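First the structure, in the form of structure tokens, and then the observations on it.
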């Protein structure tokens, strides 16, 4: 158990691409009084994260032949070679401003403007790491909440809840295809190799990479 009291400092809102799953997006659109498609078009971007992988398996693995050459060249620079296969994680993320902050972050109004319907990964932060540190303040030194104790609140490490939901989402993508899970999507977004930003990606490039699962 970990003592923690969120300070609404917004530091976590300024540092990461924030993923929202289909059920969460529906609730967020309702909160904003928008149709889901309008909400996605205004506030979200395609998000594709690639990791080196072996061929086969139960995950969303794709051939490097599907990845645009511009990305392969950058991956080669980062990894020293081009993997033959990648684990592909196709998602939707909130747009980010030029300063890196989430589109829903309002520094003048105590933080998140969709706070009541924020994604689970935001609700659980900083307890969302796939690592299990003894001291989260060392892993996330920028988090003000980890410097404040609240004797009335303790948080179990609930990252498994988030990871289970994400795993279920990717299971649906593999079974139904990305377009079978989402009713609409943005025209473009970003592509990452592990945690390294490769650059913008168009919808055509995005669906080209995940062609077996589009």
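In the working numbering, the protein residues as written are 759 to 972.
Ideal Cβ placement from N, Cα and C applies to all residues, glycine included.
Since the model is a prediction, treat every value here as computed from it, not as a measurement.
_Proximity test, Cβ basis, 9 Å: residue 881 and chain C_ = Although the question refers to chain C, the structure presented lacks it and comprises just one protein chain.
*DSSP state of residue 766 mapped onto helix, strand, coil*: Position 8 of the chain shown holds residue 766. Three-state result, residue 766: coil.
*residue 828, enclosing alpha helix (DSSP H) - first and last residue*: As a working mapping, residue 828 is identified with position 70 in the chain shown. From DSSP, the alpha helix (DSSP H) with residue 828 extends over 827-837.
_Can you find the residues in the same chain that come closer than 8 Å, C-beta to C-beta, to residue 902, ignoring five residues on each side of it along the sequence?_
On the chain shown, residue 902 is found 144 positions in, with the first residue counted as 1. Taken in chain order, the residues that qualify are 765, 767, 769.
_For residue 844, the nearest candidate out of 826, 789, 852, 853 (CA to CA)_ = Numbered from 1 along the chain shown, position 86 holds the residue referred to as residue 844. The residue with the shortest Cα to Cα distance from residue 844 is 826.
*Could you tell me if residue 800 is buried or exposed, where buried requires 16 or more neighbouring beta carbons within 10 angstroms of its beta carbon?*
Counting from 1 along the chain shown, the entry for residue 800 is found at position 42. Exposed, since its Cβ has fewer than 16 Cβ neighbours within 10 Å.
*Which residues mark the beginning and the end of the alpha helix (DSSP H) in which residue 901 is found?*
The residue labelled residue 901 in the question sits at position 143 within the chain shown. Run containing residue 901: none; DSSP gives neither H nor E here.
*Output the boundary residues of the alpha helix (DSSP H) element that contains residue 780.*
Here residue 780 is taken as the residue at index 22 of the chain shown, counted from 1. Residues 780-789.
*In the DSSP assignment, find the unbroken alpha helix (DSSP H) run with residue 961 in it and report its ends.*
On the chain shown, position 203 is the one that residue 961 refers to. Under the DSSP assignment, residue 961 falls in the alpha helix (DSSP H) whose first and last residues are 961-967.
*Please determine, among 783, 872, 776, 842, the residue with the shortest C-alpha to C-alpha distance to residue 942.*
For the purposes of this step, residue 942 is identified with residue 184 of the chain shown, where counting begins at 1. When each option's Cα is compared against that of residue 942, the closest is 783.
*Report the rounded CA-to-CA distance for residue 759 versus residue 921, giving the unit in angstroms.*
Position 1 of the chain shown holds residue 759. Position 163 of the chain shown holds residue 921. Note on residue 759: pLDDT 45, under 50, position unreliable in the model; no value is reported.
_According to DSSP, is residue 759 part of a helix, a strand, or is it coil?_
Within the chain shown, residue 759 is the residue found at index 1, counting from 1. The pLDDT assigned to residue 759 is 45, lower than 50, so where the model puts this residue is not dependable; a value taken from the coordinates is nonetheless given after this. Here residue 759 sits in coil by DSSP.
*Run of the alpha helix (DSSP H) containing residue 797, from where it starts to where it stops*: Stepping through the chain shown from its first residue, residue 797 is reached at position 39. Taken as a continuous stretch (DSSP letters only), the alpha helix (DSSP H) holding residue 797 covers 794-801.
_By the three-class DSSP mapping on this structure, what secondary structure does residue 772 have?_
Numbered from its first residue, the chain shown carries residue 772 at position 14. In this structure, residue 772 counts as coil in the three-state DSSP scheme.
_Cβ neighbour criterion (16 or more within 10 Å) applied to residue 958_ = Numbered from its first residue, the chain shown carries residue 958 at position 200. Looking at its Cβ environment, which holds fewer than 16 other Cβ atoms inside 10 Å, residue 958 is exposed.
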